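Note sheet for the following structure.
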Amino acid sequence: MGYKIAVIGATGRVGREVLSTLAEFQDEAIDCVIALASKKSEGKKVSFGDKELTVLCLEDYDFVGTNVAIFCAGSHVSEEMKEGVPLIIPEINKEKIMEYKNHNIISNPNCTTIQMLLVLHLLHQKAKIKRIVASTYQSTSGAGKAAMDELYDQTKKIFMNEAKKPKIFSKQIAFNCIPHVGEFMENGSTEEEWKMQEETKKILEEDIKVTATCVRVPVFIGHAMAVNVEFDQHITEEQAREVLSEAEDSGVLVYNRREDSEYITQIDVVQENAVYVSRIRRDNTVEHGLNMWIVADNLRKGAALNIVQILEILIREHLSIKCI
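Here you go:
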């Protein structure tokens, strides 16, 4: 008997991307994939490779016999990083996956944390990171399909000289940037900014200073970030490029020519699995500092691909354990 996988939130942007990625990387050990969503989505069809799955109602679903449940939900479902729950980026800390047995839960990091740390953990092995300053430029897909629809509708209405008040965002997103991703906290940071700080420390297991400003921009898919890194020792631009370019199976690609258009933007990374690094350069305001531009498809490596990579490792480990 193979594994039975349930995808909760299957009609959302991340849920659909998870199904698409599962279909691409489907392991022969996966016997059945179930699409689940709320009552209003029951009976809808969602793509799974060259097949279609009928969406079942989450409230009525019996999880008996289901091996793994993938929750493609927002921050309201998981508001805390509980002790003992592994927070996994497979390229960085896959050895922590089996710690899921403490709670039978594995947590997927925030999309911005994933793309930033895929790059920085490689440099951290060359020269220890002291401080990170990140400014993000996050697409509307990070807030779901309704947010993408709001960008589309507002843009269309503006060209038609019609007013369109925001519903998903706090301000107009079309032709605008909003420094507000996640709920505000007492200290003035947003939840998204806080996650980047705390998740970095947990995943790298280092008390690294992190400060972030997260901004929603009028882009449909793809997150970008300008990252400034201060190290405890000297590392040149050339050394950084070499480390990032030569790391095998890192999921990172360097695209760093200093010419017009020779850098990566959000529109370039849609449906790409890799995280791209451009504009690596020296920061002369500190003794050991670098600046860089990091871009990725937030629905792929920022969510779906990372989830499926975790699932594949978990299945392999389970199979080997069962055969002992």
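Numbering (the numbering used here), first residue to last: 8 to 331.
A virtual CB, placed ideally from N, CA and C, is assigned to each residue, including glycine.
Treat the numbers as computed from the prediction; the structure is a model and nothing was measured.
Same chain, Cβ closer than 7 Å to E169, neighbours up to 5 away in sequence not counted:
So the list is empty, once near-sequence residues are dropped.
Suppose you measure from the CA of I99 to the CA of I12; what does that come to, to the nearest Å?
Rounded to whole angstroms, I99 and I12 show a C-alpha spacing of 25 Å.
Any idea if N111 is buried or exposed, counting beta-carbon neighbours within 10 angstroms, 16 or more meaning buried?
N111 comes out exposed.
Inter-stretch contact at 8 Å, needing at least 3 Cβ pairs: the stretch 217 to 228 / the stretch 132 to 149
In the pairwise beta carbon analysis, the stretch 217 to 228 is classified as touching the stretch 132 to 149: at least three pairs are separated by under 8 Å.
Output the boundary residues of the alpha helix (DSSP H) element that contains S264.
A quick correction: the sequence has Arg, not Ser, at residue 264. Annotation for R264: no alpha helix (DSSP H) segment contains it, and DSSP assigns it neither H nor E.
C-beta atoms of P97 and I320 nearer than 8 Å:
The answer is yes: Cβ separation under 8 Å.
Are F182 and A154 close, meaning C-beta to C-beta below 8 Å?
No; because the gap between Cβ atoms is not below 8 Å, this pair is not in contact.
Would you kindly report the start and end of the unbroken alpha helix (DSSP H) that includes Y283?
For Y283, there is no enclosing alpha helix (DSSP H); the enclosing beta strand (DSSP E) has its first and last residue at V282 to R289.
With DSSP as the reference, label A303 as helix, strand or coil.
Looking at A303 - three-state DSSP - the assignment turns out to be strand.
Report the rounded CA-to-CA distance for Y283 versus T207, giving the unit in angstroms.
Here the alpha carbon of Y283 sits roughly 19 Å from the alpha carbon of T207.
Quick check on DSSP: helix, strand or coil for A76?
It is a strand residue.
Helix, strand or coil for M192 per DSSP?
M192 falls in the coil class under three-state DSSP.
Which class does K171 belong to by DSSP, given the choice of helix, strand or coil?
It is coil, neither helix nor strand.
Within 10 Å of its beta-carbon, does L26 have 16 or more other beta-carbons around it, so buried, or fewer, so exposed?
It is buried - the Cβ of L26 has at least 16 other Cβ atoms within 10 Å.
Any C-beta of chain B sitting closer than 8 Å to the C-beta of A181?
The displayed structure is made up of one protein chain only, and chain B is not part of it.
Any beta strand (DSSP E) of 3 or more consecutive residues that is wholly inside the stretch 114 to 192
Within the stretch 114 to 192, the beta strand (DSSP E) runs of at least 3 residues that lie entirely inside it are, in chain order, 136 to 145.
Sequence-distant residues of its chain with Cβ nearer than 8 Å to E66 (five each side left out):
Answer for E66: S45 and K46, listed in chain order.
Tell me the DSSP secondary structure of I328 in three-state form.
With a pLDDT of 47 at I328, under the threshold of 50, the predicted position of this residue should be treated as unreliable, though the coordinate-derived value follows. I328: helix per DSSP, three-state reduction.
Do you know how far the Cα of E31 is from the Cα of V126?
Approximately 25 Å, taken between the alpha carbons.
Under 6 Å Cβ to Cβ from C184, same chain only, skipping five residues before and after it: list those, please.
Cβ within range, chain order: V222 and V224.
Close-in-space but distant-in-sequence residues of the same chain around L306 (CB under 7 Å, 5 per side omitted):
R20, V21, E24, S148 and I228.
Collapsed DSSP secondary structure at A233 in the structure displayed
The answer is strand: DSSP assigns A233 an E or B state.
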